[in-house]
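These notes are about the structure you will find just below.
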Amino acid sequence: MIIYSATAVISPKQLADLFDDSGIKRPTADINRIKRMINNANLLYTAWDNEMLVGVARGFSDEAYCCYLSDLAVKKDYQKQGIGRKLIKKIHRDLGSTVSLVLAAAPSAVGYYPKIGFEQIDSGFKRPRKY
């Protein structure tokens, strides 16, 4: 049984390991950067199978108008079980229907998000980072 939490504390190593296992590309060798990613997010929802972290949704929100969902990752062995969908549903429920969720999808995940209620937009922009 998967348990979901909006308050669980996770370590940078747990998050880095989850990113590596999920296939999401993040700077997991830079553990200090992963630590900052955890500490500076104001939304961190997690999914657990007993003591094992199997999913995470991480983002930032003003809790009034918009939420940027920066990470959605689920361990490969746990994908296609609705864990990502449930994490997003819990965030949206907690923030309320007047707050929009916005994200930048990896090319391999573009087909996933419409299946869970997101609509694709063409009006976004980014200034690339050095990885």
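The opening position of the sequence shown corresponds to residue 2 in this note's numbering, with each subsequent residue numbered one higher. Ideal Cβ placement from N, Cα and C applies to all residues, glycine included. Fair warning: this is a prediction, and the values are worked out from it, not measured in the lab.
Write down the C-beta distance between residue i and residue j rounded to the nearest angstrom, noting that I regard them as a contact closer than 8 Å.
i	j	result
D21	T29	5 Å
A58	Y46	4 Å
G85	G56	7 Å
How many angstroms separate the CA atom of residue i from the CA atom of residue j?
i	j	result
A17	M2	23 Å
S6	D123	33 Å
R94	N33	31 Å
R130	S23	22 Å
E64	T99	9 Å
I4	Y79	13 Å
L133	G60	Because the chain spans 2 through 132 in this model, residue 133 falls outside it and cannot be assessed.
R133	A74	This structure gives no information on residue 133, because the portion of the chain shown stretches from 2 to 132.
I117	L19	21 Å
Q121	P115	7 Å
D72	P108	14 Å
From the DSSP output, in three-state form, read off residue i for me.
i	result
R59	strand
M53	strand
D72	strand
E104	The amino acid occupying residue 104 in the given sequence is Leu; Glu does not appear at that position. It is coil, neither helix nor strand.
Hey, would you say residue i sits closer than 8 Å to residue j, going by beta carbons?
i	j	result
A42	L88	no
A106	K127	no
V103	L70	yes
L68	I39	Per the sequence shown, the amino acid found at residue 68 is Cys instead of Leu. No; because the gap between Cβ atoms is not below 8 Å, this pair is not in contact.
Excluding the five sequence neighbours on either side, which residues of its own chain have a C-beta within less than 7 Å of the C-beta of residue i, listed in chain order?
i	result
K77	D22, S23, G24
Y132	P28
P13	I32, I35, K36, I39
Counting only the same chain and skipping the five closest in sequence on each side, list residues whose C-beta sits under 8 Å from that of residue i.
i	result
V10	none
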